[in-house]
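Engineer:
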Amino acid sequence: MSEWIARRCDSLGVSTTVRENLDVCANEAVANVIFHAADALRDREIALVLDRDGSDVMLEITDDGAPFDPLSTDSRATATSLDDAPVGGLGLPLIRGLLPRSRYARIDARNVLTLVSAVEG
Amino acid sequence: MDIDAQDLDGEITLIRLSGRMDVEGTSRIETPLAARAVRDHGATIVDLDAVDFLTSYGIRALMLTAKALRARGGRMVLLSPNALVRRVLETAGVDTMIPVFDSLSEAQADLRAG
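Residue numbers (this note's numbering), protein chains in the order written: chain V, 225 to 345; chain H, 2 to 115.
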């Protein structure tokens, strides 16, 4: 997946920083669908489309699993000490932090997460 | 991913990680990382210079190791993350819990100061 993202970003003129952010967030989103979804044991289909829209680049991640909006989960309380900090649950906050313009929709019984960024960054 | 460890001066353990810290890469080093870090119960520097990618699964391994060390009276700091790895650490708020340094001498000084 990362190699495909790199090739697509190269051909679309996306900066290295933005390509890296898309790569990290796509890893988090797909891992979340595979490992954490309510129906994680059922076979599901995940499709990725990466394209440019003017000065923006969009990576659309579609899955046919149970409805889940990864952008709506409560922000993880920010721990300031190692003792208080939970060790997991950081993937979805990373998406919100690195690509804050990302959006979610439920369309035709599918989850559609669209990661959005300016092509330069 | 690969992992390599050495004793710096009898007091500090330097662990070098290399490769992509995604689910697949991290699963190869998480057990040896935690085992090596807590072996001496002491001060540990985890060198991220050769880590070119980091996701939440890799962060989880770093946090678990730091917590395990802390529980045994030790301490862990991170060294030389590249721009992406630093951005991920900062976005996740990890840098406020595990100190991050750009030079080995700074990391050593911090650990010696306790």
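A virtual CB, placed ideally from N, CA and C, is assigned to each residue, including glycine.
Would H/Ile-46 and H/Leu-80 be called neighbours here (beta carbons separated by less than 7 Å)?
Structural biologist: Yes, the pair counts as a contact, with Cβ atoms nearer than the cut-off.
Engineer: How many Å lie between V/Ala-333 and H/Gly-75 at the Cα?
Structural biologist: Each residue's Cα considered, the two are about 50 Å apart.
Engineer: Taking V/Glu-244 as the query, report the chain H residues whose CB atoms sit under 7 Å from its CB, ordered along the chain.
Structural biologist: Going along chain H in sequence order, the residues near V/Glu-244 (Cβ under 7 Å) are Leu-85.
Engineer: Between which two residues does the beta strand (DSSP E) carrying H/Thr-14 extend?
Structural biologist: Start and end: 13-22.
Engineer: For the segment 55-87 of chain H, enumerate the residues whose C-beta is nearer than 8 Å to any C-beta of chain V, in chain order.
Structural biologist: Cβ contacts with chain V come from Leu-55, Thr-56, Ser-57, Tyr-58, Ile-60, Arg-61, Met-64, Leu-65, Ala-67, Lys-68, Arg-71, Ala-84 and Leu-85.
Engineer: By a C-beta neighbour count over all protein chains shown, 10 Å radius and 16 as the cutoff for buried, is H/Phe-54 buried or exposed?
Structural biologist: H/Phe-54 should be labelled buried.
Engineer: Please go through the same chain and pick out, in chain order, the residues whose beta-carbon is closer than 8 Å to the beta-carbon of V/Arg-276, but skip the five residues on each side of it.
Structural biologist: Leu-236, Gly-237, Val-238, Met-282 and Val-343, listed in sequence order.
Engineer: Taking C-alpha atoms, which residue in H/Ser-28, H/Thr-97, H/Leu-85 and H/Leu-90 lies nearest to V/Asp-307?
Structural biologist: For the residues H/Ser-28, H/Thr-97, H/Leu-85 and H/Leu-90, the minimum Cα distance to V/Asp-307 belongs to H/Thr-97.
Engineer: Does DSSP classify H/Thr-97 as helix, strand or coil?
Structural biologist: Note: H/Thr-97 maps to helix in three-state DSSP.
Engineer: Buried or exposed, going by whether 16 or more other CB atoms sit within 10 Å of the CB of H/Gln-109?
Structural biologist: Looking at its Cβ environment, which holds 16 or more other Cβ atoms inside 10 Å, H/Gln-109 is buried.
Engineer: Measure from the C-beta of V/Leu-236 to each C-beta in chain H and report whether the shortest distance is under 7 Å.
Structural biologist: Answer no: the Cβ-Cβ gap between V/Leu-236 and chain H never drops below 7 Å.
Engineer: Does any CB atom of chain H fall closer than 7 Å to the CB of V/Asn-256?
Structural biologist: Closer than 7 Å: no.
Engineer: Would you mind telling me which residues of chain V sit closer than 9 Å to H/Ile-99, beta carbon to beta carbon, in chain order?
Structural biologist: Those within 9 Å of H/Ile-99 in chain V are Leu-306.
Engineer: Please name the residues in the segment 13-31 of chain H whose beta-carbon is closer than 9 Å to at least one beta-carbon of chain V, in chain order.
Structural biologist: So the list reads Arg-21, Asp-23 and Val-24, given in the order they occur along the chain.
Engineer: Please decide whether V/Asn-251 counts as near chain H, where near means a Cβ-Cβ distance under 7 Å.
Structural biologist: Yes, because at least one Cβ of chain H sits closer than 7 Å to the Cβ of V/Asn-251.
Engineer: Tell me the DSSP secondary structure of V/Asn-335 in three-state form.
Structural biologist: Correct three-state label for V/Asn-335: strand.
Engineer: Let me check understanding here. Comparing Cα to Cα, which of H/Ala-36, H/Met-64 and H/Gly-26 lies closest to H/Asp-3?
Structural biologist: That would be H/Gly-26, whose Cα lies nearest to the Cα of H/Asp-3.
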